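Numbering (the working numbering), first residue to last: 23 to 268.
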C-alpha cells in the first residue's frame, strides 16, 4: 500500500472515444459567436490526446497560438445501451471523472471572408495532449446528484471558471440519452458534458469573443508555457497540468 503522494497517477482510463456535448451552459454561449442550436452540440475527441494528472499539455505553435481550457464533468459509461430513455440514463453510468477539454481556438473558430466564423471542431479539439482526464473515477453511487456539482478552473491559482452543473442546459441524463440514439454506448466510453463561461475565448474579439463582467472570476488570456491549469469538480477531484512549449 502506497500513500497518494508516493505514486504518480496515470489517466484513469483510455476510452475508445470521447463523445462531447458543447455549448451546454448559457454563460459560455454568451461569451462567443452566436450559434442557433436546438439539440446538444455533438463532436468527437480521439483517445490519442488523453493524458493524466500532472502530465504536460503541449503548446505547439504549429497547431495553435490560442490554447484554451474547459473544465467539464466527464461521464464514464458502465452498461451498454441504445435509445436509452433519459429517465433511465443514469443507470448506464459507471462513474464520473474530471476533464479539461483543451482547445485550439484559432483552429476551432475561423473567420469567414464574408463575415462570421466557420466552426471546425475536428482540428480545434484534436491534437496531442488535448484531453486531460483524472485524477480518478468516482463511482455513480458516490455522486448523489450529478446536477449539483460545483466546477472550477484555475490558472496559476487565479479563478477563471466558477459554476455548477445545475446550470447545464441539457442534463447529464439528457445528454446520455441523446448520444445513445446515434451510437450503442459501450462500457468505457466517456461523455464530456460541456463547459461553463470563463474561457479565454471571451477575451478575444478577433475570433468573436465577447467580454463579460463577473466579480468571482479573473478574465485572463490563453494558456502559455509555464502556466499550470487546474480543473476541479466538487466530490470528484482536482486535475492539474503544466503547459510546456512544443
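We put the beta carbon where it would ideally sit given N, CA and C, even for glycine. Note that the structure is predicted; figures quoted are calculated from it, not measured.
Next item on the list: Find out if the Cβ-Cβ distance for the pair residue 44, residue 65 is shorter than 9 Å.
Entry: Taking the chain shown and counting its residues from 1, the one referred to as residue 44 is at position 22. Taking the chain shown and counting its residues from 1, the one referred to as residue 65 is at position 43. Cβ distance < 9 Å, so residue 44 and residue 65 count as in contact.
Notebook entry, point to check: So which of 173, 67, 160 and 206 has the shortest CA-CA distance to residue 146?
Noted result: By one-based count along the chain shown, residue 146 stands at place 124. Of the candidates 173, 67, 160 and 206, the one whose C-alpha sits nearest the C-alpha of residue 146 is 67.
Item checked: Residue burial classification, residue 192 (beta-carbon count within 10 angstroms, cutoff 16) -> Within the chain shown, residue 192 is the residue found at index 170, counting from 1. Its Cβ being crowded by 16 or more others within 10 Å, residue 192 is buried.
Note to self: What does the alpha-carbon distance come out to for the pair residue 48 and residue 217?
What the structure shows: As a working note, residue 48 is residue 26 in the chain shown. As a working note, residue 217 is residue 195 in the chain shown. In a straight line, the C-alpha of residue 48 is about 10 Å away from that of residue 217.
Checklist line | Sequence-distant residues of the same chain with beta carbon closer than 7 Å to residue 203, five excluded per side | finding: In the chain shown, residue 203 corresponds to position 181, counting from 1. If we look at residue 203 and ignore the five residues flanking it on each side, its Cβ neighbours are 105.
Next item on the list: Assign residue 77 to one of three DSSP states: helix, strand, or coil.
Entry: In the chain shown, counting from the first residue as 1, residue 77 sits at position 55. Note: residue 77 maps to coil in three-state DSSP.
Margin query: Are the CB atoms of residue 69 and residue 99 within a distance shorter than 9 Å?
Written below: The residue labelled residue 99 in the question sits at position 77 within the chain shown. The residue labelled residue 69 in the question sits at position 47 within the chain shown. No; because the gap between Cβ atoms is not below 9 Å, this pair is not in contact.
Notebook entry, point to check: Who are residue 41's beta bridge partners in DSSP?
Noted result: Taking the first residue of the chain shown as 1, we reach residue 41 at position 19. Bridge partners of residue 41: 66 and 213.
Check: beta strand (DSSP E) containing residue 201: first to last residue?
Finding: For the purposes of this step, residue 201 is identified with residue 179 of the chain shown, where counting begins at 1. It is not in any beta strand (DSSP E) - residue 201 instead sits in the alpha helix (DSSP H) that spans 194 to 202.
Margin query: Just list the residues that DSSP pairs residue 183 with in beta bridges.
Written below: Counted from its first residue, the chain shown places residue 183 at position 161. Answer is 175, bridged to residue 183.
Notebook entry, point to check: Going by beta carbon distance, what residues of the same chain come within less than 8 Å of residue 81, once the five residues before and after it are set aside?
Noted result: Numbered from its first residue, the chain shown carries residue 81 at position 59. Here the set comprises 89, 245, 246, 247, 265, 266, 267 and 268.
Notebook entry, point to check: By Cβ distance below 8 Å, which residues in the same chain neighbour residue 46 in space, the five residues on each side in sequence not counted?
Noted result: Walking along the chain shown from the start, residue 46 turns up at place 24. Same-chain partners within the cutoff: 62, 63, 190, 191, 192, 197, 215, 216 and 217.
Next item on the list: Under 8 Å by Cβ, that's how I've got residue 159 and residue 38 pegged, so tell me the actual separation to the nearest angstrom.
Entry: Against the chain shown, residue 159 aligns to sequence position 137. Against the chain shown, residue 38 aligns to sequence position 16. Wrong, their Cβ atoms sit about 16 Å apart, outside the cutoff.
Next item on the list: Compare the C-alpha of residue 179 against each of 118, 122, 239 and 134 and name the closest.
Entry: By 1-based counting over the chain shown, the position of residue 179 is 157. Ranking the options by Cα distance to residue 179, first place goes to 239.
Next item on the list: Can you tell me the Cβ-Cβ gap for residue 102 and residue 31, rounded? I've got them flagged as a contact below 8 Å.
Entry: Within the chain shown, residue 102 is the residue found at index 80, counting from 1. Within the chain shown, residue 31 is the residue found at index 9, counting from 1. At roughly 28 Å, the Cβ-Cβ gap does not stay under 8 Å, so residue 102 and residue 31 are not in contact.
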